[in-house]
Amino acid sequence: MSLVRSASTIGFFTLISRVFGFVRDIFIARFLGASMLTDAFFVAFKLPNFMRRLFAEGAFNAAFVPLYAATLTEDGKESAQKMASEAMSVLLLTLIGVTVLMEIFAPQLMTVLAPGFSGDPEKFELTVTLTRITLPYIIFISLVSLMGGILNSFERFAAVAATPILMNLTLIVAIVGFRHAFPTPAHALAWGVFASGVVQFVWLWVVCLKLKVMPRLNWPVITPKVKRLLILIGPAALGAGVAQVNLMIDMIIASSIPEGVSYLYYADRIVELPLAVIGIGIGTALLPMLSKQLRAEDKSIANHTQNRALELVLLLSLPASAALMVIAQPIIATLFEYGAFGAEQTAKTYPALIAFSFGLPAFVLVKVLAPSFFAAHDTKTPFQIAAVCVVLNLILNLALIGPLAHVGMALATSIASWVNVGSMVVILRKRDLLRFDAQLRQRAPRIFFASAMMASVLVLAYSFTHHLFGESMHIKATALALLIGIGLAVYAFLVLTLKVAKCGDIAQLMR
């Protein structure tokens, strides 16, 4: 299966998931706005969601897939399944122990994750309660990650990519259908998180059973391969998920700003759409491909695959970044400014979206560069780079929070991610694991130019339509669709005119 086809499969289902995610967030904004309830729920959801992003989209795939793929290639399916069963048994026992400890020490955990809530006993107690409801999600989603790694190794990407859709649908049902059945709508959302973990687990369990690749639950034993997996997971968690670690630091510091957690959450959700569709789609498809190519000691093919991935990322992420920075205000106003979420909340959220959008290409590039290390079974180097970037992010947070409040934290995350990308590129080139070919060197500057010109046209178009974003929902939606249509048309024209891509290339991407 080609990289574009695999990434498109993952990207398609991820796009559907993010659409439902937007619907979910629109309902949250409508019923809760930016308030004590949203701050409490977002912090309670942050920990299991953080684990989901690290495991499902980062560390577990980074560590498990190369080992599983190597075992599958060298020793056959039976040996690979035995390794998966051993890994699942140890993982499940560990997860249960960790979850029980976090349930017991949830108040102390919240003191660390949301220290700013300590001064408000009601808000702090609500956050602890909601966190205890959502914590078991970690067990289910981690097992989902293991099953997803197995299916990805067999290039069965669709079923795995569809799992977040189930999560968002469950949360939509919880907030719309059951918000009056609980003390607050935030309680309904927390129980929705718990239920979504069960639904996703059952979904992939059925898929694995049908393909006869479901691991068996055995007595936990630390075998050499499981030990190797555990050694790789720790560094991979930080190496692959530095952006998420930085967002966690943002949340900790933002808890001291009234509604700061909510403003950052809503802004981050917009950036998550292109990040998930582009970065996760390509990164997930890229890892097993590079693992097999490097296992076959064919560096030339691996380098070609990496160059095409980088080209695809730049082609999609640069215009997305530029457009989000230009039309951040109308996007927030159109998607969220209803009910409890008013113009004041929009004014405080969209600058954070601009700051996050600056780092969008870097967030995506990290997802695409990291597999080059992981495919070579090197998780230490990304960990070391990420550790430096986490410290840098913390320093920038503390420096920028004074003059820019929560916007400074979003900007710090973007800057740290660009440093992460630059460091990865330098090291990969030194190790001869990445060589920019002639096609990438030729097309990259043209993509930059096309994105800049598209942004300029959007600035002009927005100057004529900005007054429409204070009108009704239908008028705002129509005006936003017009701006997006203009941006897409201009960018597509420039891409074809500058010969960055041919019509056939764009048609293939759309398919």
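In my numbering, the protein residues as written are 78 to 588.
Glycine is no exception: its CB is placed at the ideal position from the N, C-alpha and C atoms.
It should be emphasised that the depicted structure is a prediction, and the values quoted were computed from it without experimental measurement.
What does the alpha-carbon distance come out to for the pair residue i and residue j?
i, j, result
"Pro-335", "Phe-433", "20 Å"
"Pro-480", "Asn-474", "11 Å"
"Lys-154", "Phe-278", "22 Å"
"Ser-166", "Arg-293", "8 Å"
"Met-531", "Gly-564", "6 Å"
"Ala-399", "Pro-297", "50 Å"
"Asp-116", "His-381", "45 Å"
"Ala-140", "Ile-310", "5 Å"
"Ala-487", "Met-328", "10 Å"
"Pro-396", "Leu-203", "41 Å"
"Thr-574", "Leu-535", "19 Å"
"Ile-105", "Lys-302", "44 Å"
"Val-567", "Thr-188", "49 Å"
"Ile-472", "Thr-150", "45 Å"
"Pro-18", "Val-403", "Residue 18 lies beyond the range of the chain shown here (78 to 588); nothing can be said about it."
"Ala-236", "Ser-222", "12 Å"
Assuming residue i and residue j make a contact with CB atoms under 8 Å, what is their CB distance in whole Å?
i, j, result
"Pro-125", "Ile-249", "Incorrect: roughly 18 Å between the Cβ atoms, too far for contact."
"Ile-252", "Phe-108", "6 Å"
"Phe-97", "Ile-242", "6 Å"
"Ser-339", "Ala-191", "The pair is not a contact, with the Cβ atoms about 12 Å apart (cut-off 8 Å)."
"Thr-208", "Ala-239", "About 27 Å; that fails the 8 Å criterion."
"Pro-143", "His-551", "Wrong, their Cβ atoms sit about 50 Å apart, outside the cutoff."
"Ser-449", "Leu-392", "So it is not a contact: roughly 19 Å between Cβ atoms."
"Ile-409", "Leu-430", "6 Å"
"Leu-186", "Leu-387", "Going by Cβ atoms, the distance from Leu-186 to Leu-387 rounds to 39 Å, so no, they are not a contact pair."
"Ala-417", "Ser-112", "7 Å"
Starting from the C-beta of residue i, find all residues in its chain whose C-beta is less than 6 Å away, skip the five residues before and the five after it, and write them out in chain order.
i, result
"Thr-247", "Gly-269, Ala-272, Ser-273 and Val-276"
"Pro-636", "What the structure shows of the chain is the stretch from 78 to 588, and residue 636 is not part of that stretch, so it cannot be assessed."
"Arg-256", "Pro-262 and Ala-265"
"Thr-542", "Ala-556"
"Leu-401", "Ser-434"
"Thr-148", "Ser-156, Ala-157 and Met-160"
"Phe-446", "One point to set straight first is that residue 446 is Leu, not Phe, in the sequence displayed. Once the five neighbours on either side are set aside, the close Cβ partners of Leu-446 are Met-501."
"Gly-110", "Ala-417 and Phe-418"
Taking buried to mean at least 16 other C-beta atoms within 10 Å of its own C-beta, is residue i buried or exposed?
i, result
"Ile-347", "buried"
"Lys-444", "buried"
"Thr-91", "buried"
"Ser-549", "exposed"
"Gly-225", "buried"
"Phe-201", "buried"
"His-483", "buried"
"Val-498", "buried"
"Pro-260", "exposed"
"Lys-123", "buried"
"Gly-196", "exposed"
"Ser-230", "buried"
"Arg-588", "Only weak support exists for where Arg-588 lies, its pLDDT of 48 falling under 50; the coordinates are left without a value."
"Val-590", "Residue 590 falls outside the range modelled here, since the chain spans only 78 to 588, and no answer is possible."
"Leu-170", "exposed"
"Ile-181", "exposed"
Please go through the same chain and pick out, in chain order, the residues whose beta-carbon is closer than 7 Å to the beta-carbon of residue i, but skip the five residues on each side of it.
i, result
"Glu-414", "Ala-420 and Thr-423"
"Leu-37", "Residue 37 is absent from the structure shown; the chain starts at 78 and stops at 588."
"Ala-538", "Leu-560 and Ile-563"
"Asn-245", "Ser-94, Phe-97, Gly-98 and Arg-101"
"Tyr-342", "Phe-119"
Helix, strand or coil for residue i, going by three-state DSSP, please let me know.
i, result
"Val-221", "helix"
"Gly-254", "helix"
"Val-290", "coil"
"Pro-351", "helix"
"Pro-297", "coil"
"Arg-95", "helix"
"Asp-197", "coil"
"Arg-101", "helix"
"Arg-385", "helix"
"Ala-578", "coil"
"Leu-586", "For Leu-586, the predicted model reports a pLDDT of 49, less than 50, meaning its position is unreliable; a value from the coordinates is still stated below. The answer is helix: DSSP assigns Leu-586 an H, G or I state."
"Ala-331", "helix"
"Phe-418", "coil"
"Arg-233", "coil"
"Ser-162", "helix"
"Arg-107", "helix"
"Asp-455", "coil"
"Leu-511", "coil"
Under 7 Å, Cβ to Cβ, is there at least one residue of chain C near residue i?
i, result
"Ala-117", "No chain C is present in this structure, which holds just one protein chain."
So, for residue i: in the same chain, excluding its five sequence neighbours on each side, which residues have a beta-carbon less than 8 Å away from its beta-carbon?
i, result
"Trp-495", "Gly-436 and Ala-439"
"Ile-162", "Note that residue 162 is Ser in the sequence shown, not Ile. If we look at Ser-162 and ignore the five residues flanking it on each side, its Cβ neighbours are Pro-292, Arg-293, Leu-294 and Asn-295."
"Ser-528", "Leu-395, Pro-396, Ser-398, Ala-399 and Tyr-568"
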